[in-house]
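Enquirer:
Number of protein chains: 2
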Amino acid sequence: MARPRKPLLSRDRIVAAALALIDAEGLAALSTRRLAAELGVSGPSLYNHFATKEAILDAAADTVIGNVDVSMFGDGRHDWRAALLEWARSYRAALTAHPNIVPFLAVGPGLRPAGLRMADAVFGGMVEAGWPPAQATRIGALMRYFVTGSALGTFAGGFVGDPAAYDPADYPHLGQAHRLADHREQVDAAAFETGLRALVDGLALQFR
Amino acid sequence: MARPRKPLLSRDRIVAAALALIDAEGLAALSTRRLAAELGVSGPSLYNHFATKEAILDAAADTVIGNVDVSMFGDGRHDWRAALLEWARSYRAALTAHPNIVPFLAVGPGLRPAGLRMADAVFGGMVEAGWPPAQATRIGALMRYFVTGSALGTFAGGFVGDPAAYDPADYPHLGQAHRLADHREQVDAAAFETGLRALVDGLALQFR
DNA sequence: GTCTATAAGTGGATAGAC
DNA sequence: GTCTATCCACTTATAGAC
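Protein chains in written order, with full-length UniProt numbering: chain A, 1 to 208; chain B, 1 to 208.
What follows is the structure, given as structure tokens:
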């Protein structure tokens with residue numbers, strides 16, 4: 001096939017396919033060949049739209065962050081505590097929708113446009129609410145730590161469903177740990193909510 | 001060279017070299033060939049000590065977690081708040097000593113022995129302090145989220161030192177963001193401390 | 001703007017000699 | 001227990017035809 005009448009590819013289609021592939025098979029499964037095959041196209045064609053594979057990943061990561069709702073900052077209908085709670089939940093939901101890209105997204109430079117827009121909104125919202133700028137910066141940072149950490153690693157998933165795996169001689173307190181394996185999502189979601197509330201409550205103690 | 005009098009390799013030497021290589025050049029730089037070269041040995045020799053490359057990474061990750069101090073749990077000299085604060089700081093220090101392995105360590109199953117010993121100690125310490133088991137589990141989980149998240153991603157590092165990078169039209173509140181690039185460690189460390197205190201203070205409000 | 005062909009290289013892992 | 005030799009799948013990216 002030579003040049004088709006209509007372009008077969010577009011940046012959006014490539015990013016969507018990359019995200020789907022990463023979701024289905026993990027970060028390591030994303031190769032330019034695999035991705036091109038998924039799009040019904042030959043490998044090198046991707047380079048007409050992105051300079052490198054890294055650029056594709058950056059675009060995919062930014063798409064994920066773009067799904068985070070930041071409309072609660074500075075709309076006058078939320079106090080800073082409510083805004084922080086809502087934003088954190090939206091942030092976590094955006095990441096857990098594509099968990100396999102989180103390691104890339106969390107390590108990367110974070111200079112991507114959607115990430116900056118999010119940082120800008122959070123910082124602006126906190127300052128407007130009365131936080132000193134230095135504290136507003138820290139709040140943005142620490143919330144990022146907590147949300148990315150919770151989206152990255154399932155805690156409950158670290159335990160297997162086999163009671164025999166936890167010899168009381170080695171792990172005296174883990175006698176019931178095998179039960180966690182059956183409720184991974186619930187355990188992780190509950191831990192996130194507990195931590196989120198503690199964080200916001202604890203910050204409120206520092207306000208002013 | 002045939003079989004040497006004394007083994008040239010050992011699991012410990014391999015793990016130490018792997019960690020050094022990951023520290024110096026990142027996770028992606030760890031290949032069996034590179035690692036073997038670093039040890040003055042030929043590639044396949046590693047397979048006499050580890051079945052797969054993954055097993056080497058698991059051992060390296062477990063070594064890092066093994067450096068976390070958990071002695072403050074259940075020693076009678078710490079209340080739960082002080083124990084949590086001390087543990088979290090030791091945990092973060094262990095991870096930031098080897099930041100490049102954190103993505104692997106945080107995603108992985110966490111079934112490794114040192115990780116289980118740590119989970120066991122934290123859970124036991126919280127239950128002993130009077131927390132209900134379900135809450136003790138959540139505390140272990142949410143602290144893991146926060147610490148791994150903070151060790152994984154530098155927040156401040158996501159900003160470049162060039163003021164022109166933050167056009168006020170796009171990011172109305174990031175006018176001073178370029179200053180963060182100069183103090184990455186301090187900003188990240190301060191955000192961690194602020195979040196840690198908020199977490200523990202917030203949890204105290206939920207106690208009983 | 002997609003194709004074919006291919007460069008130029010890396011990866012993990014195995015077989016069998018010593 | 002380390003070696004050499006080797007397999008083979010797979011990688012990102014480029015050159016040039018159409």
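We put the CB at the ideal spot given by N, CA and C, even for glycine.
(1) Compare the Cα-Cα distances from A:ARG13 to each of A:ALA24, A:GLY26, A:GLY40 and report the closest residue.
(2) Would you please verify whether the beta carbon of B:HIS183 is less than 7 angstroms from any beta carbon of chain A?
(3) Across the segment 114-124 of chain B and the segment 169-178 of chain A, are there enough close Cβ pairs to call them in contact, namely three or more that are closer than 8 angstroms?
(4) Does A:ARG89 have its Cβ less than 7 angstroms from a Cβ in chain B?
(5) In the DSSP assignment, the alpha helix (DSSP H) including A:MET126 goes from what residue to what residue?
(6) Report yes or no: do the segment 145-157 of chain B and the segment 183-195 of chain B share at least 3 C-beta pairs separated by less than 8 angstroms?
(7) Determine, using beta-carbon pairs with one atom in the segment 13-32 of chain A and one in the segment 101-113 of chain A, whether at least three such pairs fall under 8 angstroms.
(8) Does the segment 119-131 of chain A come into contact with the segment 67-75 of chain A, if we say contact requires no fewer than three beta-carbon pairs (one atom in each stretch) closer than 8 angstroms?
(9) Please report the Cβ distance between B:LEU111 and A:GLY158, rounded to the nearest whole angstrom; I am assuming they are in contact, meaning their Cβ atoms lie under 8 angstroms.
(10) Comparing the C-beta of A:ARG179 with each C-beta of chain B, is any distance below 7 angstroms?
(11) Which residues in the same chain as A:SER45 place their Cβ atom closer than 7 angstroms to its Cβ, once the five residues preceding and following it in sequence are excluded?
(12) Grab the span of the alpha helix (DSSP H) containing B:PHE146 for me, first residue to last.
(13) Do you know offhand how far A:PHE123's Cα is from B:HIS49's?
(14) Do you know offhand how far B:GLN176's Cα is from A:ASP182's?
(15) Please compile the residues from chain A whose C-beta is within a distance smaller than 8 angstroms of the C-beta of B:GLY149.
(16) Check for me: the alpha helix (DSSP H) holding A:PHE104 runs from which residue to which?
(17) Using 8 angstroms as the threshold, is the segment 196-203 of chain A in touch with the segment 84-96 of chain A, meaning 3 or more CB pairs across them?
(18) Using a Cβ cut-off of 8 angstroms, which residues of the segment 190-205 of chain A contact any Cβ in chain B, in chain order?
(19) Can you tell me the Cα-Cα spacing of B:LEU203 and B:GLY140, whole angstroms?
(20) Please name the residue, chosen from B:SER31, B:PRO109, B:ILE65, B:PRO113, that lies closest to B:LYS53 on a Cα-to-Cα basis.
(21) How many Å lie between A:SER42 and A:ARG11 at the Cα?
(22) Does A:ASP58 pass the burial test, meaning 16 or more other C-beta atoms within 10 Å, or should it be called exposed?
(23) So is A:ASP62 buried or exposed if we call it buried at 16+ other beta carbons inside 10 Å?
(24) Can you tell which of A:LEU205, A:ALA60, A:ARG179 has the C-alpha that lies nearest to the C-alpha of A:ARG99?
(25) Short check: CB of B:LEU205 to CB of A:ASP201, under 7 angstroms?
(26) Residues in its own chain within less than 6 angstroms of A:ARG179 by CB, not counting five upstream and five downstream?
(27) Where does B:GLY175 fall in DSSP's three states?
(28) How is B:THR63 classed by DSSP in three states: helix, strand or coil?
(29) Check whether chain B comes within 7 angstroms of A:LEU95, counting only Cβ atoms and requiring the distance to be less than that.
(30) Do you know how far the Cα of A:ARG208 is from the Cα of residue 215 of chain A?
(31) Quick check on A:TYR47: buried or exposed, where buried means 16 or more other Cβ atoms within 10 Å of its Cβ?
(32) Cα separation between A:TYR145 and B:LEU84?
(33) Answer with yes or no whether the minimum CB distance from A:ASP58 to chain B is below 7 angstroms.
(34) If you count every other CB in all the chains shown that lies within 10 Å of the CB of B:GLY161, and 16 or more means buried, which is it?
(35) Quick one: which residues of the segment 62-92 of chain A get their C-beta closer than 8 angstroms to a C-beta of chain B? List them in chain order.
(36) So which residues of chain B does A:ARG138 contact, with C-beta pairs closer than 8 angstroms?
Expert: According to the structure shown:
(1) Locating residue 13 of chain A in the first sequence gives position 13, where the first residue counts as 1. Of A:ALA24, A:GLY26, A:GLY40, the residue nearest in Cα terms is A:GLY40.
(2) The residue labelled residue 183 of chain B in the question sits at position 183 within the second sequence. Not closer than 7 angstroms to any Cβ of chain A, the Cβ of B:HIS183 fails to qualify, so no.
(3) yes
(4) Reading the first sequence from its first residue, position 89 is the one you call residue 89 of chain A. No, A:ARG89 lies away from the interface with chain B (no Cβ there is under 7 angstroms from its Cβ).
(5) The count along the first sequence starts at 1 and reaches residue 126 of chain A at position 126. Start and end: 113-129.
(6) yes
(7) yes
(8) yes
(9) Working through the second sequence from its first residue, we reach residue 111 of chain B at position 111. Working through the first sequence from its first residue, we reach residue 158 of chain A at position 158. Correct: roughly 6 angstroms between the Cβ atoms.
(10) In the first sequence, the residue the question calls residue 179 of chain A occupies position 179. Answer no: the Cβ-Cβ gap between A:ARG179 and chain B never drops below 7 angstroms.
(11) Taking the first residue of the first sequence as position 1, residue 45 of chain A is located at position 45. Within the same chain, A:SER45 has close Cβ partners LEU9, ALA36.
(12) Your numbering for residue 146 of chain B matches position 146 in the second sequence. 133-152 is the extent of the alpha helix (DSSP H) around B:PHE146.
(13) Translated into positions along the first sequence, residue 123 of chain A becomes position 123. Translated into positions along the second sequence, residue 49 of chain B becomes position 49. Their backbone Cα atoms lie some 51 angstroms apart in a straight line.
(14) Taking the second sequence and counting its residues from 1, one reaches residue 176 of chain B at position 176. Taking the first sequence and counting its residues from 1, one reaches residue 182 of chain A at position 182. Each residue's alpha carbon lies about 47 angstroms from the other.
(15) One-based indexing of the second sequence puts residue 149 of chain B at position 149. Here the neighbours are ALA106, ARG144, TYR145, PHE146, VAL147, THR148, GLY149, SER150, LEU152.
(16) Here residue 104 of chain A refers to the residue found at position 104 when the first sequence is read from its first residue. For A:PHE104, the enclosing alpha helix (DSSP H) covers residues 102-107.
(17) yes
(18) ALA190, ALA191, PHE192, THR194, GLY195, ARG197, ALA198, LEU199, VAL200, ASP201, GLY202, LEU203, LEU205
(19) As a working note, residue 203 of chain B is residue 203 in the second sequence. As a working note, residue 140 of chain B is residue 140 in the second sequence. Straight through space, the alpha carbons of B:GLY140 and B:LEU203 are spaced by roughly 12 angstroms.
(20) By one-based count along the second sequence, residue 53 of chain B stands at place 53. Considering only alpha carbons, the answer is B:SER31.
(21) Taking the first sequence and counting its residues from 1, one reaches residue 42 of chain A at position 42. Taking the first sequence and counting its residues from 1, one reaches residue 11 of chain A at position 11. Between A:SER42 and A:ARG11, the C-alpha separation is close to 15 angstroms.
(22) One-based indexing of the first sequence puts residue 58 of chain A at position 58. Label assigned to A:ASP58: buried.
(23) For the purposes of this step, residue 62 of chain A is taken as the residue at position 62 of the first sequence. When all chains shown are included, A:ASP62 counts as buried.
(24) Counting from 1 along the first sequence, the entry for residue 99 of chain A is found at position 99. In the sequence as displayed, the identity of residue 99 of chain A is Pro instead of Arg. Of the listed residues, the one whose Cα sits closest to A:PRO99 is A:ALA60.
(25) For the purposes of this step, residue 205 of chain B is taken as residue 205 along the second sequence, with counting starting at 1. For the purposes of this step, residue 201 of chain A is taken as residue 201 along the first sequence, with counting starting at 1. In contact: B:LEU205 and A:ASP201 (Cβ atoms closer than 7 angstroms).
(26) Residue numbering aside, residue 179 of chain A sits at position 179 when the first sequence is read from its first letter. Within the same chain, A:ARG179 has no close Cβ partners at all.
(27) In the second sequence, residue 175 of chain B corresponds to position 175, counting from 1. It is coil, neither helix nor strand.
(28) To locate residue 63 of chain B, count along the second sequence from 1; it is residue 63. For B:THR63, the secondary structure class from DSSP, reduced to helix, strand or coil, is helix.
(29) The residue given as residue 95 of chain A occupies position 95 in the first sequence. Answer no: the Cβ-Cβ gap between A:LEU95 and chain B never drops below 7 angstroms.
(30) Because chain A is modelled from 1 through 208, residue 215 of chain A falls outside the range shown and cannot be assessed.
(31) Counting from 1 along the first sequence, the entry for residue 47 of chain A is found at position 47. Exposed, by the Cβ-count rule.
(32) Working through the first sequence from its first residue, we reach residue 145 of chain A at position 145. Working through the second sequence from its first residue, we reach residue 84 of chain B at position 84. Roughly 17 angstroms between the two C-alpha positions.
(33) Taking the first residue of the first sequence as 1, we reach residue 58 of chain A at position 58. Not one chain B Cβ lies under 7 angstroms of A:ASP58.
(34) As a working mapping, residue 161 of chain B is identified with position 161 in the second sequence. The residue in question, B:GLY161, is exposed, as its Cβ has fewer than 16 Cβ neighbours within 10 Å.
(35) none
(36) Taking the first sequence and counting its residues from 1, the one referred to as residue 138 of chain A is at position 138. Result: VAL187, ALA190, ALA191, THR194, GLY195.
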